[in-house]
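Enquirer: Each step along the sequence shown adds one to the number in this note's numbering, with nothing skipped, and position 24 is 304.
Just so you know, even glycine gets a beta-carbon here, dropped at the ideal spot from N, CA and C.
None of the values given here were measured: they were computed from a predicted structure.
Sharing a structure here in structure tokens format.
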Amino acid sequence: MAHVLVVGAGLAGARVCTLLRAAGFGGRITLVGAEDEPPYDRPPLTKDPDATVDLRAAMGIDVWAAADEVLLATRAAALLPGPDDLGVRLVPAVDGPAAVRADGVGPDVAADAVVVATGAEPVQPVAWAGPGVHTLHTRADAAVLWPMVGPGTRLVVVGGGWVGCEAAATAAARGARVTLLEAADRLLAGRVPAVVGEWVAEHLAAAGVLVRTRAPVEHVEAALGVPGSVPTVRVDRAVVPADQVLVALGVRPATGWLGGSGVLRDETAAVVVDPWGRASRAGVLAVGDAATRWSPRARRHLPGGHWTAAMQDPEALVPALLAWLAADPRTRAAAWRAPAGEAPDPVPYVFSDLGGPMLQVIGDVTAPGAVDWHTDASGFTAAVHDDAGQLLGLCAVGHPRAITRARRLLRSGGQDGARADLAAVVG
Ligand SMILES: Cc1cc2nc3c(=O)[nH]c(=O)nc-3n(C[C@H](O)[C@H](O)[C@H](O)COP(=O)(O)OP(=O)(O)OC[C@H]3O[C@@H](n4cnc5c(N)ncnc54)[C@H](O)[C@@H]3O)c2cc1C
281 MAHVLVVGAG LAGARVCTLL RAAGFGGRIT LVGAEDEPPY DRPPLTKDPD ATVDLRAAMG
341 IDVWAAADEV LLATRAAALL PGPDDLGVRL VPAVDGPAAV RADGVGPDVA ADAVVVATGA
401 EPVQPVAWAG PGVHTLHTRA DAAVLWPMVG PGTRLVVVGG GWVGCEAAAT AAARGARVTL
461 LEAADRLLAG RVPAVVGEWV AEHLAAAGVL VRTRAPVEHV EAALGVPGSV PTVRVDRAVV
521 PADQVLVALG VRPATGWLGG SGVLRDETAA VVVDPWGRAS RAGVLAVGDA ATRWSPRARR
581 HLPGGHWTAA MQDPEALVPA LLAWLAADPR TRAAAWRAPA GEAPDPVPYV FSDLGGPMLQ
641 VIGDVTAPGA VDWHTDASGF TAAVHDDAGQ LLGLCAVGHP RAITRARRLL RSGGQDGARA
701 DLAAVVG
């Protein structure tokens with residue numbers, strides 16, 4: 281019986297398990313996850329800490345119905361090298377219950393295919409860690425941070441990316457005194473056009489957040505862990521007082537366990553995959569935040585890092601996985617064939633809730649190009665286009681239909697008279 285090992289029990293891994301079964305796969309599925317939580321949804325952790333996030337309860341995605349084994353609190357430590365046989369070394373995650381070999385390094389689990397769905401992990405300088413200093417990536421992180429953030433709490437957020445901006449908005453709504461420090465000259469730098477970052481800064485300021493850009497944090501000193509001691513943040517040779525500090529410096533793909541496995545990763549450590557999710561080593565596929573997927577339409581690799589990719593990209597991966605499993609095991613590694621037809625190639629889409637307004641981003645909004653900016657009582661649209669008027673991407677608040685129109689145009693990729701009539705997109 282074919283055995284598929286899915287490593288990473290987040291949204292992408294859970295979707296692979298359920299879509300495999302929905303496609304009629306009758307073999308064995310093992311899902312391995314480092315956290316000791318049932319698979320859950322991350323976006324509410326910054327926006328609505330009291331929301332139900334369990335994937336089964338919140339979204340009906342039931343990994344226990346799909347997988348034969350769900351091994352939580354279990355970490356993949358290595359993808360074993362070897363030209364033919366695929367295997368993964370499993371170890372207990374901290375304090376986890378996984379079975380360990382007597383020498384403390386196993387067990388090694390063989391599989392016919394391995395899906396890398398290990399997501400990403402937050403970047404945090406080691407010297408900054410300690411009492412009062414937080415990251416916000418897991419449900420466990422949220423359970424520690426949010427009870428400490430209430431009326432009057434001095435919260436310093438280091439980093440004005442998605443997580444930093446959303447957490448700042450949520451904390452301000454809870455009555456905290458929030459300072460947001462960003463090293464760049466604007467918020468969401470490298471993620472949205474400058475004008476959108478400026479809009480977000482104004483919005484957060486109006487919500488009561490003290491926003492400081494061009495404020496590179498030099499050091500965060502954790503509290504001493506004794507009553508009355510608080511963490512401190514040094515910026516511009518001054519010390520910003522805090523009760524709690526949230527370090528939100530972004531994430532990197534959690535693929536360290538693939539070192540030495542022969543699986544190609546890019547400079548960010550993301551697994552490089554084709555439109556079907558196939559990695560450079562036969563029988564290994566990757567999806568979600570851990571992967572960077574070749575997009576034929578964009579003619580470049582598109583990193584994960586957003587919810588929609590983790591949700592949608594398993595739809596391309598599963599046919600490729602089934603084609604691999606159906607091929608002759610003696611010869612399939614020599615010529616790993618793609619399924620017939622074209623892979624779905626969804627247009628990248630990110631949503632962000634900034635404490636009320638939903639910012640939607642579709643397409644490639646950081647590509648070089650001009651920005652067509654419209655603002656009105658509902659919010660704004662910022663359409664990014666090239667010299668020829670071709671739409672590259674759109675950011676919008678309060679204009680969901682513009683996002684729908686932009687998605688249609690971007691999907692057709694310049695075919696179909698898709699040259700952006702910007703008025704048609706945003707009007
Ligand atoms: C606080 C927060 C808010 C967000 N908000 C938004 C939003 O508003 N909009 C949006 O588009 N995106 C948002 N995102 C991003 C989105 O949640 C992610 O893109 C999505 O969760 C990626 O899913 P994934 O399954 O690839 O990875 P993950 O959800 O990270 O799951 C990967 C799992 O693999 C596990 N794992 C890691 N290493 C190993 C190992 N070696 N062995 C076994 N298991 C391992 C991890 O513990 C984790 O449980 C947010 C992310 C965070 C953290």
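(1) Using 7 Å as the cut-off, classify the Cβ of Pro637 as near or not near the heavy atoms of ligand 1, replying yes or no.
(2) Give me the DSSP bridge partner(s) of Cys675.
(3) In angstroms with no decimal places, state the Cα-to-Cα distance between Pro555 and Arg617.
(4) Quick test of your reading: Arg254 and Ala522, contact by CB under 8 Å. State the CB separation rounded to the nearest angstrom.
(5) With respect to 7 Å, is the separation between the Cβ of Thr298 and the closest non-hydrogen atom of ligand 1 below this value?
(6) Between Phe305, Gly290 and Leu300, which lies nearest to Pro323 when the distance is taken from Cα to Cα?
(7) For Thr588, which of helix, strand or coil comes out of DSSP?
(8) If you check the beta carbons only, do Asp546 and Pro576 fall under 8 Å apart?
(9) Can you list, in chain order, the residues of its chain whose CB lies under 7 Å from that of Val296, leaving out five sequence neighbours each side?
(10) Would you say the beta carbon of Arg419 comes nearer than 7 Å to a heavy atom of ligand 1?
(11) Glu446: buried (16+ other C-beta within 10 angstroms of its C-beta) or exposed?
(12) Hey, quick one: how far does the beta strand (DSSP E) through Glu401 stretch, first residue to last?
(13) Any heavy atom of ligand 1 closer than 7 Å to the CB of Gly557?
(14) Return the chain-ordered list of same chain residues with a C-beta closer than 6 Å to the C-beta of Pro619, the five sequence neighbours on each side being excluded.
(15) Within a Cβ cutoff of 7 Å, which residues of the same chain sit near Gly376, ignoring the five residues on either side of it in sequence?
(16) According to DSSP, is Ala289 part of a helix, a strand, or is it coil?
(17) Can you grab the Cα-Cα spacing for the pair Ala357 / Pro405, in whole Å?
(18) From Ala571 to Pro507, what distance separates their C-alpha atoms?
(19) Indicate, with yes or no, if ligand 1 has a heavy atom lying under 7 Å from the CB of Ser541.
(20) Would you be able to state if there are at least three C-beta pairs under 8 Å between the segment 428–442 and the segment 533–543?
(21) Rounded to the nearest angstrom, what separates Arg457 and Ala686 at their Cα positions?
(22) Would you mind reading off the limits of the beta strand (DSSP E) that contains Pro372?
(23) Please give me, in chain order, every unbroken run of the alpha helix (DSSP H) with length at least 4 that falls completely inside the segment 298–356.
(24) Kindly indicate which three-state DSSP category Ala447 falls into: helix, strand or coil?
(25) By Cβ distance below 8 Å, which residues in the same chain neighbour Leu360 in space, the five residues on each side in sequence not counted?
(26) Quick one: what does DSSP say His417 is sitting in, helix, strand or coil?
(27) Would Gly304 be called buried (16 or more neighbouring beta carbons within 10 Å of its own) or exposed?
(28) Quick check: Arg532 and Ala400, are their CB atoms within less than 8 Å of each other?
(29) Tell me, to the nearest whole angstrom, how far the beta carbon of Val513 is from that of Val500; I am working on the premise that it is less than 8 Å.
(30) Short check: CB of Gly530 to CB of Gly455, under 8 Å?
(31) So does Thr398 have its beta carbon nearer than 7 Å to some heavy atom of ligand 1?
(32) What's the gap between the Cα of Val312 and the Cα of Thr493?
(33) Exposed or buried, which one is Arg381 when buried takes at least 16 other CB atoms within 10 Å?
(34) Among Val333, Ala422, Val475 and Pro372, which one has its Cα closest to the Cα of Val645?
(35) For Ile683, I'd like the list of residues in its chain whose CB is within less than 7 Å of its CB, leaving aside the five on either flank, ordered along the chain.
Expert: Working from what's here:
(1) In this structure, Pro637 has its beta carbon at no less than 7 Å from each heavy atom of ligand 1.
(2) Val641 and Ala662
(3) When rounded, the separation of the alpha-carbon atoms in Pro555 and Arg617 is 13 Å.
(4) Since the first and last residues shown for the chain are 281 and 707, residue 254 lies out of range.
(5) no
(6) Gly290
(7) Thr588 falls in the helix class under three-state DSSP.
(8) no
(9) Val286, Val395, Ala397, Val567, Pro594, Leu597 and Val598
(10) no
(11) buried
(12) Ala400 to Pro402
(13) no
(14) Pro599, Ala600 and Ala603
(15) Bear in mind that a pLDDT of 47 at Gly376, under 50, signals an unreliable position, so the number given afterwards is only what the model happens to contain. These residues qualify, in order along the chain: Asp316, Ala353 and Thr354.
(16) coil
(17) 22 Å
(18) 43 Å
(19) no
(20) no
(21) Computed Cα separation, rounded: 38 Å.
(22) Leu366 to Pro372 is the span of the beta strand (DSSP E), which, as asked, contains Pro372.
(23) As far as the segment 298–356 is concerned, its whole alpha helix (DSSP H) runs of at least 4 residues are 324–327, 335–339 and 343–346.
(24) helix
(25) Leu366, Gly367, Val368, Arg369, Asp388 and Ser541
(26) coil
(27) exposed
(28) yes
(29) Right, the Cβ-Cβ distance comes to about 5 Å (below 8 Å), so this counts as a contact.
(30) Going by C-beta atoms, Gly530 is not nearer than 8 Å to Gly455.
(31) yes
(32) 40 Å
(33) Its pLDDT being 49, under 50, Arg381 is placed unreliably by the model, and nothing is read from it.
(34) Val475
(35) Gln640, Ile642, Leu674 and Ala676
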